[in-house]
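Engineer: Protein chains in written order, with my numbering: chain A, 125 to 641; chain B, 125 to 641. Cβ atoms here follow ideal geometry from the backbone N, Cα and C, with glycine treated the same way.
1) Per DSSP, which one or two residues make a beta bridge with residue 458/B?
2) Buried or exposed: which applies to residue 496/B, given that a residue is buried once 16 or more other Cβ atoms fall within 10 Å of its Cβ?
3) With 16 as the cutoff for other CB atoms within 10 Å, does residue 512/B come out buried or exposed?
4) Answer yes or no: does any C-beta atom of chain B fall closer than 7 Å to that of residue 345/A?
5) Return the CA-CA distance between residue 198/B and residue 426/A, expressed in angstroms with no decimal places.
6) Could you give the DSSP three-state label for residue 137/B: helix, strand or coil?
7) For residue 232/A versus residue 195/A, is the C-beta distance shorter than 7 Å?
8) Take the Cβ of residue 646/B as the centre, count every other Cβ of all protein chains shown within 10 Å, and call the residue buried at 16 or more, exposed below.
9) Check distances from the C-beta atoms of the region 373 to 391 of chain B to those of chain A and list, in chain order, the residues that come in under 9 Å.
10) In the DSSP output, what is residue 630/A paired with across the bridge?
11) Start and end of the alpha helix (DSSP H) containing residue 329/B?
12) Residues in its own chain within less than 8 Å of residue 202/A by CB, not counting five upstream and five downstream?
13) Is it the case that the region 549 to 567 of chain A contacts the region 500 to 510 of chain A, given that we only count it when at least three CB pairs across the two stretches are under 8 Å?
14) Name the chain A residues whose beta carbon is nearer than 7 Å to that of residue 560/B?
15) Taking the continuous alpha helix (DSSP H) assigned at residue 234/B, which residues delimit it?
16) Would residue 414/B be called buried (16 or more neighbouring beta carbons within 10 Å of its own) or exposed?
17) Looking only at DSSP bridge pairs, what is residue 550/A linked to?
18) Alpha carbon to alpha carbon, how far is residue 329/A from residue 170/A?
19) Skipping 5 residues on each side, what residues in its chain have a beta carbon closer than 8 Å to that of residue 541/B?
20) Just the Cα atoms here: how many angstroms apart are residue 616/B and residue 303/B?
21) At the level of alpha carbons, what is the spacing between residue 213/A and residue 622/A?
22) Whose Cβ in chain A lies nearer than 8 Å to the Cβ of residue 614/B?
23) I'd like the list of long-range same chain contacts for residue 262/B, defined as Cβ closer than 6 Å, with 5 residues on each side in sequence excluded.
24) Can you tell me the Cα-Cα spacing of residue 630/A and residue 188/B, whole angstroms?
25) Have a look at 126/B, 128/B and 149/B and flag the residue whose alpha-carbon is nearest the alpha-carbon of residue 451/B.
26) Does residue 199/B have its Cβ less than 7 Å from a Cβ in chain A?
27) Just tell me which of 173/A, 272/A and 318/A has its CA closest to the CA of residue 137/A.
28) Using a Cβ-Cβ cut-off of less than 8 Å, give me the residues of the region 260 to 279 of chain A that come near chain B, in sequence order.
29) Would you call the region 390 to 402 of chain A in contact with the region 484 to 498 of chain A, where contact means no fewer than 3 C-beta pairs closer than 8 Å?
30) Taking its Cβ as the centre, do 16 or more other Cβ atoms sit within 10 Å of residue 363/A, making it buried, or is it exposed?
31) So which of 272/B, 523/B, 294/B and 559/B has the shortest CA-CA distance to residue 228/B?
32) Please classify residue 200/B: does DSSP put it in a helix, a strand, or coil?
33) For residue 344/A, name the three-state secondary structure that DSSP assigns.
34) Terminal residues of the continuous beta strand (DSSP E) containing residue 277/A?
35) Say whether the region 539 to 556 of chain A touches the region 432 to 446 of chain A, bearing in mind that this needs 3 or more beta-carbon pairs closer than 8 Å, one atom from each stretch.
36) Scan the region 371 to 434 of chain A and note each continuous beta strand (DSSP E) run of 3 residues or more that stays entirely inside, going in chain order.
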């Protein structure tokens, strides 16, 4: 069986024993194995810091951008093979696989362009020079410089490609070496991307490492100038926030965790209107794309009480059209969940929602296409109806990470704001409306509880990729339950990997210093 | 004895029993007492969130700025009384007291002006609108909105006035209600400021609370949209970072902790030059001002090896001129440490430094002026010499929070960069030089380890307040040992109290939403 090695300390490493087997979640066939037994995590981090950091910091933003462009290209050149792996190991359709793989190359390309734009310098100016005394000479200038540590990225199982690409893009452009730790169960795509990057000798030695297999003691060896970026479940996030390097040494942590994302149908968006159709399209896509395993997927669908029955009927009709099965079979439009554990969690989540809501779609017979009987981690697209958003509890608190959503009825804009906020902080909420007053009330009411608020209106509905798509120009993250973190957002994405410092002194001298940096 | 009550839930609260006695650290005479026995911390936070939040958020930045201006004025109007309290309870000279009290009113006034500048809106635009698709209509706009929680401020004993003012200025301007918890031992000034603010009815009910006395279970009741800002020792910081609301609910924490701040004398700055004189002035001031109890005070003085003996002689001569005693005595130029615990800690720290360095100044007889024999928490200005910066350990790791500094010899610019960085992250470092090349090398070498780097050169030396002074225009904080936090920095200071959200949608609709906000 293929072994997915780790790349640390400038060499490929294969653990001895205790191997984890990666499977095809549609058929449960073994695909590869990975082990980190015997891997020296402390040495891996030191090597990245000491060997990878200096050459990266010596490059300008434009030069670092060139590295990202080369990474983007090597992914794109090998797209077909990566899509195949993504489908096999991730369980998604070809379209799902593109979402992950093209997301990786696209985000890297975006940050390559940003590097070009930032140009031939190594230091980022933050704001204007500010005069600090009566005379004009004594001034302050904030700058951003790369942190002299290593960036550890612990990525989620659902986006092995994009998760690697978007985090590496920001870290490398900011000038920090990275150690990527993909989720073991779906690490094949990340491993293959790493292999391509390493074979092509794109990055300076030490600037890129990958640990394929269990993380072991990795995070315990973090030090003061390192950073840790985690995407995954809230309980793991809580564990990581409490490790000694974070608590004691101010190691920076970015968390992107659970989120009960909302889609709100405006009272003005009548069935049949373009806005209503965009709403149906986006909700349907979010429930089924990647079998609902997107951190940004819509979980709560808010509809005006009078329209809610129609929404349930329309969504139900669309969801019933999906063909569940092995994505390698041509007619299949939704694949399995990624792992056996995910299936257990999703089933438990559905039971929890069923205890307080009405199941509308999803209780039919489950006979996945092209799959040996009894195999695979399948679940049907599932839709619940909840008529009492104010009293419901699980729907606001428990993220079911699969093709599952609930339609909640609401009466007034103020009620929907309160109900949406009961999610305790989320990644994204979308509003489907053309009524500017209502949009303003709702958007301003919910924005402080979300990292992103998407307003879908008739005139631009066909230009928008849907709220579930994370664009590198806008931040990705959210407060509270969503982890309190922030990634991407153009140049904002570099902040986490940079140290802001306020330079104070003679205007001419500071200008010379900044020019040199 | 005067009771320092807490102001919570819109009323003054006096704890029953278990009172802590505040003393004059020069004479050990009791001044007042404070107790929080029976205080309902959960209720205090709820009241602030629910009663204080909405009216603050309903105000524009300009209107919130007006509140800050009123706070600044009420402090300035009552300046003499506050200075008197600051001297009595804090142990500082009148000049030290001004540094704290005028720092409070000055920072509030600065943010009042910023509020005026931000004008009649409630929402802060973050960057420009960015086009997100080929067509021009679909755009993204980042905005900052107030978090809908309460800001808890746990302040350090050394700046009861400024610490309150600078944090409240940013929180209130951003639109968050505050609960201020000053260090109990020196809480008199903070209590009096609170009394003035409450009596003048400046802020909406619930927008300002103060807890005078032990914090009890306060932080355990924090919730997802709340924030916690802590200034103090690293070990308390570590405890606060590990509390459940932070680890589990993503409550934001800002920490400003320990720092081994450095002053670096450039190789070009010859004794007798203006730059050298500025260096002597700043180092002397930082060792003695507030009896060395400034988080930004210079602890490590780096001098070229050849000049180090002269530096020791010059600093020694200046430090020996200080008259230590009760600041109410006219000739006294340096008062006691603030508490008996501080005295114990400083003495232990001096012993730790003495084990690896040479004591140059500070071993004379200690007979504080105007103080009953045996009373008061006094220590002499103390200076160490360390000729081996690379091998020394305690001097880079242990912050002695008193009138204590070490002169370290260095050979080349690269060595001083490495030695300075051994502090593990600091608040501020200053460079005294007129050699642009050397300044560039050192500043860029150390900036990523410091929140602020001050370049003092001949032409502007007389315009600068010294590196120990925190100006609201520049950020205050630092990585690693310094806690990894960030305060102030003009409008940057509002970020901690705000949630960034990316709005996406039709350009015209988003403009209308932002206009409304």
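Structural biologist: Put simply:
1) 448/B
2) exposed
3) exposed
4) no
5) 49 Å
6) strand
7) yes
8) Residue 646/B lies beyond the range of chain B shown here (125 to 641); nothing can be said about it.
9) 373, 374, 375, 376, 379 and 381
10) 262/A
11) No alpha helix (DSSP H) contains residue 329/B, which DSSP labels as neither H nor E.
12) 316 and 320
13) no
14) 633 and 636
15) 218 to 242
16) buried
17) 574/A
18) 13 Å
19) 565, 566, 569 and 570
20) 21 Å
21) 35 Å
22) 251 and 254
23) 256
24) 33 Å
25) 149/B
26) no
27) 318/A
28) 261, 262, 264, 266, 267, 269, 270, 271 and 272
29) no
30) exposed
31) 294/B
32) helix
33) helix
34) 275 to 278
35) no
36) 376 to 380, 385 to 389 and 422 to 428
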